[in-house]
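A.B. asks: Under UniProt numbering, the first residue of the sequence shown carries the number 1, and numbering increases by one thereafter.
Think of the CB as a built atom: it goes at the ideal place given N, C-alpha and C, for glycine as much as any other residue.
Supplied in structure tokens, the structure appears directly below.
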Amino acid sequence: MSGGVVQLKDEGSQQQVAVAGAVAGLVSRFVIAPLDVIKIRLQLQVHSLSDPLSVRGVTGPVYKGTLGTLKHILREEGLTGLWKGNIPAEGLYLAYGGLQFSAYTYCSHLLDAIPQPYKLPSPANSFISGATAGACATTLTYPLDLLRTRFAAQGCDRVYPSIAASVRHIAEHEGPGGFFRGLGAGVSQIVPYMGLFFASYEVLKPILSNSPIPMPFGTSDAVAGVIASVLSKTAVYPLDTTRKRLQVQGPMRSRYVHRNIPLYNGVASTLLQIWKIEGRRGMYRGLTVSLLKAAPASAVTMWTYEQAMAILLAMETLGEE
1 MSGGVVQLKD
11 EGSQQQVAVA
21 GAVAGLVSRF
31 VIAPLDVIKI
41 RLQLQVHSLS
51 DPLSVRGVTG
61 PVYKGTLGTL
71 KHILREEGLT
81 GLWKGNIPAE
91 GLYLAYGGLQ
101 FSAYTYCSHL
111 LDAIPQPYKL
121 PSPANSFISG
131 ATAGACATTL
141 TYPLDLLRTR
151 FAAQGCDRVY
161 PSIAASVRHI
171 AEHEGPGGFF
181 RGLGAGVSQI
191 VPYMGLFFAS
201 YEVLKPILSN
211 SPIPMPFGTS
221 DAVAGVIASV
231 LSKTAVYPLD
241 TTRKRLQVQG
251 PMRSRYVHRN
261 IPLYNGVAST
271 LLQIWKIEGR
281 RGMYRGLTVS
291 LLKAAPASAV
301 TMWTYEQAMA
311 ILLAMETLGE
321 E
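Right, here's the structure in full:
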């Protein structure tokens, strides 16, 4: 197995990996927060200006495109509207980043220990490790993801006055299961997404590192992260939309910025309902801004991770001298 192909998982201790992953998550979240809010608003919208539903007396704001949504939020809610849900999101990205990279390296080392002739090829190793890491990190941090979505879905009228109030309200009116609405869609999405992402990244990174063509963004790590993320995100996007629709179910559903969010129950039935009523367009609503978000987010995440790991390794070396 080539050392260059598995460089990501061969560097640093578990503690260093966790710290570098957490730092990467925090920096990435700060950069893409406004795009994340725009994406969520578009995903929760069940109609657009050109859809028949918009002329059937359906109330609520109508967004059209990324720029239109951006202008609407700035006009109606101000600049801070683009960072709604940022506090639980920062906690989400902090925890998710550390858990994801830790689980990835741990699983990779377990698979590397498999003796020949049963040892898996590198792409399969990366796919399984990435999928496992994504499933573990998604499940453990899902309540924060749900809170992020609910706060991002709030318009000028505040549904929850604070994070503490939202936790109390969900626990009281929806029970423990309320914090995990849409988890099935989240895991169903993240397993193939992270598997494809890490497998693509590990394959692309050594190829781009040796490319004679100068890389944009200044590093092959960032470019590999961008390409891997775009490919993976597009493949699983309908499940991401399903997850967002399920996360805002509950007694407060009619109070979000979109007053006409339908009632959904279950991953399969939600997918079928969206397809039946809104068609393919509904399944992929917000994909453009999602890809715009995924590219810089993945580039920043992987670049920051590599830089943070390099700093931690350098500090360790200095400490040993």
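Which word fits ASN265, buried or exposed, when buried means at least 16 other C-beta atoms lie within 10 angstroms of its C-beta?
C.D. replies: Walking along the sequence shown from the start, residue 265 turns up at place 265. Looking at its Cβ environment, which holds fewer than 16 other Cβ atoms inside 10 Å, ASN265 is exposed.
A.B. asks: Checking 7 Å against the spacing of the C-beta atoms, do LEU92 and THR141 come in under that value?
C.D. replies: The count along the sequence shown starts at 1 and reaches residue 92 at position 92. The count along the sequence shown starts at 1 and reaches residue 141 at position 141. Yes, these two residues count as a Cβ contact at 7 Å.
A.B. asks: Per DSSP, what kind of secondary structure is THR219 in: helix, strand or coil?
C.D. replies: Here the question's residue 219 lines up with position 219 in the sequence shown. Three-state result, THR219: coil.
A.B. asks: For GLY97, tell me which candidate among SER188, ASP145, PRO238 and GLY78 has the shortest Cα-Cα distance.
C.D. replies: As a first step, residue 97 must be located in the sequence shown, where it is residue number 97. When only C-alpha atoms are compared, the closest one is ASP145.
A.B. asks: Could you tell me if LEU239 is buried or exposed, where buried requires 16 or more neighbouring beta carbons within 10 angstroms of its beta carbon?
C.D. replies: Here residue 239 refers to the residue found at position 239 of the sequence shown. LEU239 is buried by the Cβ-count criterion.
A.B. asks: Please work out which residues of its chain come closer than 6 Å, Cβ to Cβ, to LYS9, disregarding the five sequence neighbours upstream and downstream, and give them in chain order.
C.D. replies: Indexing the sequence shown from 1 puts residue 9 at position 9. Any answer about LYS9 is weak, because its pLDDT of 48 lies below 50 and its placement is not dependable; what the coordinates show is given next. These residues qualify, in order along the chain: THR105 and SER108.
A.B. asks: Going by alpha carbons, who is nearest to ALA199 out of THR219, ARG281 and LEU120?
C.D. replies: Within the sequence shown, numbered from 1, the residue matching residue 199 stands at position 199. Answer by Cα proximity: LEU120.
A.B. asks: If LYS84 and GLY286 are in contact, beta carbons under 8 Å, what's the gap, nearest whole angstrom?
C.D. replies: In the sequence shown, counting from the first residue as 1, residue 84 sits at position 84. In the sequence shown, counting from the first residue as 1, residue 286 sits at position 286. Contact flag wrong, Cβ pair sits at about 16 Å.
A.B. asks: If you reduce the DSSP assignment to three classes, tell me which class LEU22 lands in.
C.D. replies: Sequence index remark: in the sequence shown, residue 22 carries index 22 (1-based). Leu is not the amino acid found at residue 22; the sequence shown has Ala there. In this structure, ALA22 counts as helix in the three-state DSSP scheme.
A.B. asks: Does DSSP put PRO296 in a helix, a strand or coil?
C.D. replies: The residue labelled residue 296 in the question sits at position 296 within the sequence shown. Correct three-state label for PRO296: helix.
A.B. asks: Whose C-alpha, out of GLY186, ALA89 and VAL19, is nearest the C-alpha of PRO34?
C.D. replies: Looking up residue 34 in the sequence shown gives position 34. With distances taken between Cα atoms, PRO34 lies closest to ALA89.
A.B. asks: Just to confirm my understanding: we take TYR256, look at its own chain, exclude 5 residues before and 5 after, and list those with CB closer than 8 Å. What are they?
C.D. replies: The count along the sequence shown starts at 1 and reaches residue 256 at position 256. Only LEU44, ARG150, ALA153, GLN154, GLY155, VAL159 and VAL248 meet the Cβ criterion.
A.B. asks: Measuring alpha carbon to alpha carbon, tell me which residue in GLY250, GLY68, GLN189 and VAL191 is nearest PRO176.
C.D. replies: Position 176 of the sequence shown, counting from 1, holds the residue named residue 176. Here the closest residue by C-alpha is GLY250.
A.B. asks: Am I right that THR66 and ARG41 are in contact with their C-beta atoms under 8 Å? What's the rounded C-beta distance?
C.D. replies: The residue labelled residue 66 in the question sits at position 66 within the sequence shown. The residue labelled residue 41 in the question sits at position 41 within the sequence shown. At roughly 10 Å, the Cβ-Cβ gap does not stay under 8 Å, so THR66 and ARG41 are not in contact.
A.B. asks: Just curious, the alpha helix (DSSP H) that PRO143 is in, first and last residue?
C.D. replies: As a position in the sequence shown, residue 143 is number 143, starting the count at 1. Here the alpha helix (DSSP H) through PRO143 covers 122-152.
A.B. asks: Since TRP275 is in the alpha helix (DSSP H), which residue starts that stretch and which ends it?
C.D. replies: Taking the sequence shown and counting its residues from 1, one reaches residue 275 at position 275. Taken as a continuous stretch (DSSP letters only), the alpha helix (DSSP H) holding TRP275 covers 267-283.
A.B. asks: Does the Cβ-Cβ distance between GLY134 and VAL267 come in under 7 Å?
C.D. replies: Within the sequence shown, residue 134 is the residue found at index 134, counting from 1. Within the sequence shown, residue 267 is the residue found at index 267, counting from 1. Their beta carbons are not under 7 Å apart, which means GLY134 does not touch VAL267 by this criterion.
A.B. asks: Just curious, the alpha helix (DSSP H) that GLU174 is in, first and last residue?
C.D. replies: To locate residue 174, count along the sequence shown from 1; it is residue 174. First-last for GLU174: undefined, no H or E at that position.
A.B. asks: Is TRP303 near ALA222, with beta carbons less than 7 Å apart?
C.D. replies: Here residue 303 refers to the residue found at position 303 of the sequence shown. Here residue 222 refers to the residue found at position 222 of the sequence shown. In contact: TRP303 and ALA222 (Cβ atoms closer than 7 Å).
A.B. asks: Have a look at THR219 and GLY12 and give me their C-alpha separation to the nearest angstrom.
C.D. replies: Position 219 of the sequence shown holds residue 219. Position 12 of the sequence shown holds residue 12. Whole-angstrom Cα-Cα distance: 20 Å.
A.B. asks: Apart from the five residues just before and just after VAL17, which ones in its own chain have a Cβ nearer than 7 Å to its Cβ?
C.D. replies: On the sequence shown, position 17 is the one that residue 17 refers to. Only PHE101, SER102 and THR105 meet the Cβ criterion.
A.B. asks: How long is the line joining the alpha carbons of SER126 and GLU202, rounded to whole angstroms?
C.D. replies: Here residue 126 refers to the residue found at position 126 when the sequence shown is read from its first residue. Here residue 202 refers to the residue found at position 202 when the sequence shown is read from its first residue. Each residue's alpha carbon lies about 7 Å from the other.
A.B. asks: Flag this pair as yes or no: are the beta carbons of MET194 and ALA124 separated by less than 7 Å?
C.D. replies: For this step, residue 194 is matched to residue 194 along the sequence shown. For this step, residue 124 is matched to residue 124 along the sequence shown. No; because the gap between Cβ atoms is not below 7 Å, this pair is not in contact.
A.B. asks: Decide if PRO143 is buried, meaning its Cβ has at least 16 other Cβ atoms within 10 Å, or exposed.
C.D. replies: Counting from one through the sequence shown, the residue named residue 143 turns up at place 143. Buried.
A.B. asks: With 16 as the cutoff for other CB atoms within 10 Å, does GLY113 come out buried or exposed?
C.D. replies: The count along the sequence shown starts at 1 and reaches residue 113 at position 113. In the sequence under discussion, the amino acid at residue 113 is Ala, which differs from the Gly named in the question. With fewer than 16 other Cβ atoms within 10 Å, it is exposed.
A.B. asks: Could you tell me which of LEU26, SER290, ILE128 and ILE73 sits nearest to PHE197, measuring between CA atoms?
C.D. replies: Residue 197 sits at position 197 when you count from the first residue of the sequence shown. PHE197 has its Cα closest to that of ILE128, out of LEU26, SER290, ILE128 and ILE73.
A.B. asks: I need the DSSP call for GLN7, collapsed to helix, strand or coil.
C.D. replies: As a working mapping, residue 7 is identified with position 7 in the sequence shown. Residue placement at GLN7 cannot be trusted, given a pLDDT of 44 that sits under 50; what the coordinates show is reported in the next sentence. DSSP places GLN7 in helix when its eight states are reduced to three.
A.B. asks: How many whole angstroms separate the CB atoms of GLY182 and ARG253, which I take to be in contact at a CB cut-off of 8 Å?
C.D. replies: Counting from one through the sequence shown, the residue named residue 182 turns up at place 182. Counting from one through the sequence shown, the residue named residue 253 turns up at place 253. Going by Cβ atoms, the distance from GLY182 to ARG253 rounds to 13 Å, so no, they are not a contact pair.
A.B. asks: Would you kindly report the start and end of the unbroken alpha helix (DSSP H) that includes SER162?
C.D. replies: As a first step, residue 162 is located in the sequence shown; it is residue number 162 there, counting from the start. Neither: SER162 is in no alpha helix (DSSP H) and is coded neither H nor E.
A.B. asks: Between which residues of its own chain and MET283 is the CB-CB distance below 8 Å, once the five residues before and five after are set aside?
C.D. replies: Within the sequence shown, the letter at position 283 stands for residue 283. Cβ neighbours of MET283 beyond the five flanking positions: TYR237, PRO238, THR241, LEU271, ILE274 and TRP275.
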